[in-house]
Structures are given as C-alpha cells and as structure tokens.
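K.L.:
Pasting a structure here, questions to come.
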Amino acid sequence: MTSQMIICIVCLAVILVCVAAAVMMRSTFKSAIALAVASALLGVVMYLLGSKWAALFEISVCSGFVTVIFISAVTMTSESREEQDEIYGQEEHTKLLPVLMIVAGIAIIAVVLLSKFRLPYPAPAPVRNDFAREFWTGHKDLLLALLTALLAGTFAVVVLFKEEENKK
Amino acid sequence: MDIQRMLALSFLVLPVAAILISNLLTGKARRAARKWITGAVAALQACAAAVSFALLIRSGAASYPFCLLAADTGRRYFALTPFGLVTMFCAGVVCLAGVMVAGRTVKYKTNSYTNLLMILLLAMTGICIAQDLFTLYAFMEVTGIASFIMIAIYREDESLEGAFKYLTMSCVAGVLILAGLAFLFLLSGTLHYEELDAARLAAVSPSARFLLYASAACLLSGFCIKAGVAPFHNWLPDAYQSADSSVSVVLAGIVTKAAGIYGIAVVTGVFSKLPGVRTALVCVGLFSIAVGALLALRQNNFKRVCAYSSVSQMGYIVLGIGTCTPLGLIGAAAHIFSHAMFKSTLFTNAAALREQTGTLRVDRMGGLQKQMPVTAFTSVLAFLSTAGIPPLAGFWSKFTVVLALWLAGLHGAAWLALLLSIFTGAYFLRLQRKVFFGKPKEELSGVHETGGGIRAAEVLLTVFTVAGGIAYPFVLAFLGVA
C-alpha cells in the first residue's frame, strides 16, 4: 500500500467522522465547521487522486465560501441552547446516528470488497506536468467560472458583514 | 471580428463592465445610475440573445463555438446553442424586470443588489454557454451563492431562514452532481459535451453499468433539486416567499431554469440512450405537475401559490425534455420562455400588492380589480397563460410538450399532462377570485394602483406573454418545424 493510498484512507475516515459530527451536533456553528473540514479533506483526496481542478474548486468554493456563508447565516440567527431544546426537544435517539453511519460505511466497504464488483479503471488522461501552463491555457472556461465564484464570494462577505462593522 | 463573435463576447463582457462601472460611480446620482446601467445590460443581453438566435438558425449550424481570445483555437471552450440562447434571452428580460421592480422595493443596499444581479446574470450565461459539465457545475455553484445572498440581503429572520434552506439544498445538490460527474469521468475520461458519446456510454460493460446508472441518478437528482421539481422542491416556497419581491421575480423567473432545467437538458442528452431515463423523467414531470398544483390549492399567501405553481410548471418542462425528441426540446424551451414571462409577471404583481396593501395573505385581500386595474389585468393574463389558454405563450408551449409526448408514443403521459392542467386553472381561479374580484375589503379602501418600475415591469412582461403567443407559429416556421 502506497503512502498516497494511506493518506486517502485516513482522510476518508476523518471525513466520515466529520460528516457524522456535522449531523449530530446541536450547534449549527460547529456543524458548519465540521462540514468545512470534511469538504477540505475531500479536496485533499481529489488532489491525491489526480483531479486537481475538482480539488481546487472543492477547497475554494465548497470549503471556503460556502462555509463563510453558512457561518455568517448561523451567527445572525443563533438561538440559545434553551430555545433549541424547546424547538427540537431532547432527541436522545439521534446519538446512535454516527455509530449507525460508521457501521453502514464499514458494511458497504466489506460488501464491495467481498463481492466480484469492481470499479472500472479511469480512462487514461493526458499527462500534464506543468500545472501553471495547464491552468492558464487548458481551462479558460473553468478559470472564468472560478473568478466569478471569487467575485460572488467577495460580495457575499461584503453584504453580510459590512453593516455589522459599521454598527460596531 | 464577425458579428456573432462580438455578440458572444458581449454576454461575458457586459455584466463585468456593469459591475466595474457602477462601483466606480460616485456622487448623488449613482444609485439611480447603477439601476439604469444594470437594466441596460440586462436589456442588451436579451437583444443580443435574440439576434444571435436568429443568426444561428439562419446559418443552419447546430451551435456557434467560440473562445475568449481569438488565439485559442485548439479547444472549444464555449458555444452558443438555440436552447441556451432562449434561456439567456429570458435571463435578460427577467433581470430587466427584476431591476425595474427593485426601483420600488430595494430602498438601500442597491449597490449590493445590482452587483449580485450582474454576477447572477454572468453565472447563468456561463451555464448556458459552457461546453464541459464541470464548468457548468462551477457556474451553477456561483448562481447558488449569488441567489443565497440576494435572498438574505436584508438579513431579516424570515429571509435568512429561506436563504439557509436554499443553501442547504444547494449543497446537497452540489454533492450529488459532483459525485455523478466523478462517476461519469471514471467511465468516459472526459466531461466535455462533444466527447461524451451517448451511444458509447449506453454500451458500457455490464460491470460498469451500475456506475453509469449511479451517475445518471446523481446528476438528474442534483439538477432536479436546483430546478425545484417535486419531490425535490422543499426549499423553493420558503425561498421565494421570504425573498424581496425583486429577488423572487429573478429566482422564479429564470434562476431555477438556468441552474436546474438547463442541467437536466444537458444530462438527458448525455444519457438519452440509457433505458429508463426517459421513463424516470416523465414520471418526475407528471408527479411535479400534480404535487405542485395540489399544494398550490392549499396556500394562503400569494407568493406561495405562485411558488407551488412553479413546481407544477417545471413538471411540464421536464416532460418535454423527458421525451428525448427535438420537438420535446422545442416544447421545453418554449415553456421556459412562457413560464419565465408569466411567472415573473405574477411575482411582479405580488410586489405591487405588497407595496399597496402591506400584505400578501390572500384572505385579507378582495375586490382589488377596480383599485389596481393594471395589476389585475396583467395578473389575469398571466394566469390565462399559465392555464394554457390560446393564443397566449403558455398555450403553445404546453401544446408542443403534449404533442411531443403523443408523437413519442407516451399517450398516457400526454393525457395525464392535459388532465392535470385542470388543477392549474383551479388554484389560479381561486387566487384571482379572492384577490382581485369578489367583495372589496373595507380596510383596503385607500389602496390604489402601483406606479413606476413595478407597473412598467408588469406591462413589459405581459407584452412578451402576448407577443410570444402570437409570434410562436412564425418562430416554428423560422425553425423549420411548422
């Protein structure tokens, strides 16, 4: 097993824990953080598997901007613990959820490994070692999309935080 | 540089130029100037899309490929297609209507509103001209971010809740689409439209068949969430209701179509040879028509009725795409146009009612037809178009969808689509009767017709609804269909 494979498996395991934590946590703020960690690790896995563009987009937009937006919305609508209890009640049974998720994950992996089902190998992609050149010449369409995403993210932060700063 | 290339580049350059210019403006007049600039760019986009559409059809080509720089000739980055141009035309008209309504409803944060609207327009254009599924996904995420901020722009509790639901469902859609793209890439080694061969995909080995179906299911579900099609529609009514009316106009009018329906159309093209895709889309379409219409019957808020009506009407567009025939696609594109016009009209009516009566609760309104004649007239025409009454645009688009279903051998679905349109008449008759007709409410005696941008937007959109209906046979003849 290569070191790259080991990092991938560790990342995937931590993603599973983070996702379970995101669903379980009562604090939506902490849930958003857990989701951001899961998203960033997914970006790492994508990068290690050779999908650099997907990794770049996952980390910049999903883990970056979306988390900023989630946290902004959460901080503006945060409720006290008492209010949350009043709304959602004491739902103790959900504590079993992460255990169930992890068991389900292990079961799926076991079934896949034990069965004859095998994923096809990816179709061969051209070898491109010069990422900078590829970035500027090979994917101008995606570059435009990323720049637009950056613009949207910037305005998102401005719209959500500008007035708060003025008040302070 | 030929005119088609100039028009193609204008779609990308104009929104960016509008953002730059409106942010550089200073002085007292800048607020009004920003709206004028944004409105002008939206109008230019609509005109450019219409001219490009005519040029493309006359040339006889299926699409017009182009790159940002003339030197980039090796790769096909972007392309103008007839379906994309119809969506871009609607985006221009609806954004123009949104700016006009914003003139009355957006009292502060005008700069943020206009900036975000231009980003939204640019992102929707990106979706329509993309030639690679991952680029389409990237632009779709941008529409998600911009829409979220536009819904939550005033940071009121209700709008934040609606925006949060929208963002959460957008994230779920994003995960599904990303997973679907990963599976598809694993099978084909490419996500470029030209290189994705539907016939070759359908003939993959039995071991890879599971992955192919997983990819199709993930991609279609993800785009259905973005389109607000039942049973993926939970976010839609809250988002529409809680947003400012000028934002609702844009969301309901075009965003769901560009970010969701356009994606469904592209993905259906990729998986068109896969058995089951057609059945799945037709089932989802019929289910959406029925669920949206039945839920609309139970609503007491003007915007919520329109929101559930959108869920229902999206079903017709999905049905058209689901036939996997050129006529079905024409019907879907026509319904994108007609729905963009009549639904934007109805949300503009909502803005007028909110401004004048201070409420959108249907049970608190009544007999407003005499006090608000323009709003009532445009609302009735929009309703008639929704119900598919000739010769309005809604009639032709629904007729084409039903005809495409019939010719594709889906006779049962065609009959059901026709029968379910009765529900559309039912919920809109109830709405019109309660709001504009019947006994006038005493507390609304001081209400009068709205003015300025809202009234202009109502009239503009109604003109398109009527003109679209009258011109439809000629457009079909121009396309070589009739």
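Residue numbers (this note's numbering), protein chains in the order written: chain A, -9 to 158; chain B, 699 to 1180. We put the beta carbon where it would ideally sit given N, CA and C, even for glycine.
#1: Hey, how far is the Cα of B/M822 from the Cα of B/S845?
#2: Who are B/A828's beta bridge partners in DSSP?
#3: So A/P19 and A/I61 are supposed to be a Cβ contact under 8 Å. How far apart are they, rounded?
#4: Since I believe B/A747 is in contact with B/G790 (beta carbons under 8 Å), could you give me their beta-carbon distance rounded to a whole number of angstroms?
#5: If you draw a straight line from the C-alpha of B/R1131 to the C-alpha of B/K955, how long is it?
#6: Taking buried to mean at least 16 other C-beta atoms within 10 Å of its own C-beta, is B/G1144 buried or exposed?
#7: Would you kindly work out how many angstroms separate the C-alpha atoms of B/P1138 and B/T1055, rounded to a whole number?
#8: At a Cβ threshold of 8 Å, is A/T138 touching chain B?
#9: For the putative contact between B/S1010 and B/A991, defined by C-beta atoms under 8 Å, what is the C-beta separation to the nearest angstrom?
#10: May I have the straight-line CA-CA distance separating B/L1158 from B/Y806, to the nearest angstrom?
#11: Quick test of your reading: B/L874 and B/G920, contact by CB under 8 Å. State the CB separation rounded to the nearest angstrom.
#12: For B/A941, tell me which candidate among B/A1005, B/L1127 and B/T1021 has the shortest Cα-Cα distance.
#13: Quick check on the burial criterion: 16 or more other C-beta atoms within 10 angstroms. Buried or exposed for A/V165?
#14: Skipping 5 residues on each side, what residues in its chain have a beta carbon closer than 8 Å to that of B/G985?
#15: Using 10 angstroms around the beta-carbon of B/W933, count the other beta-carbons present and answer buried if the total reaches 16, otherwise exposed.
#16: Out of curiosity, what's the CA-to-CA distance linking B/R756 and B/I1015?
#17: Taking B/L794 as the reference, which of B/A740, B/V965, B/T1148 and B/Y891 has the closest Cα?
#18: If you draw a straight line from the alpha carbon of B/L910 to that of A/I(-1), how long is it in whole angstroms?
#19: Of all Cβ atoms in chain B, is any one closer than 8 Å to the Cβ of A/I96?
#20: Looking only at its chain, what residues have a beta carbon closer than 7 Å to the beta carbon of B/A1155, apart from the 5 residues adjacent to it on each side?
#21: Can you name the residues of chain A whose CB is closer than 7 Å to the CB of B/A861?
#22: Just verifying my parser: in three-state terms, what is the DSSP assignment at B/R898?
#23: With 9 Å as the C-beta to C-beta threshold (strictly closer), list the residues of the stretch 905 to 930 of chain B near chain A in chain order.
#24: My parser needs the alpha helix (DSSP H) runs of 4 or more residues fully inside the stretch 1082 to 1116 of chain B; what are they?
#25: Would B/H931 be called buried (16 or more neighbouring beta carbons within 10 Å of its own) or exposed?
#26: What does B/F668 pair with, by DSSP beta-bridge criteria?
P.N.:
Checking against the coordinates, here is how it stands:
#1: 11 Å
#2: B/F776
#3: Residue identity check: residue 19 of chain A is Phe in the sequence provided, not Pro. Beta-carbon to beta-carbon, A/F19 and A/I61 are separated by about 7 Å, close enough to satisfy the 8 Å threshold.
#4: 6 Å
#5: If I take the Cα positions, the gap works out to 29 Å.
#6: exposed
#7: Computed Cα separation, rounded: 12 Å.
#8: yes
#9: 4 Å
#10: 25 Å
#11: 4 Å
#12: B/A1005
#13: Nothing can be reported for residue 165 of chain A: it is not among the residues displayed for chain A, which extend from -9 to 158.
#14: Note that residue 985 of chain B is Phe in the sequence shown, not Gly. Closer than 8 Å at the Cβ level, and outside the excluded window around B/F985, lie A928, P929 and G1013.
#15: So B/W933 counts as buried.
#16: 26 Å
#17: B/A740
#18: 24 Å
#19: no
#20: A795, M798, V799 and T1046
#21: A63
#22: helix
#23: S905, A906, F908 and L909
#24: 1091 to 1105
#25: buried
#26: Beyond the ends of chain B as shown, which are 699 and 1180, falls residue 668 of chain B; an answer cannot be given.
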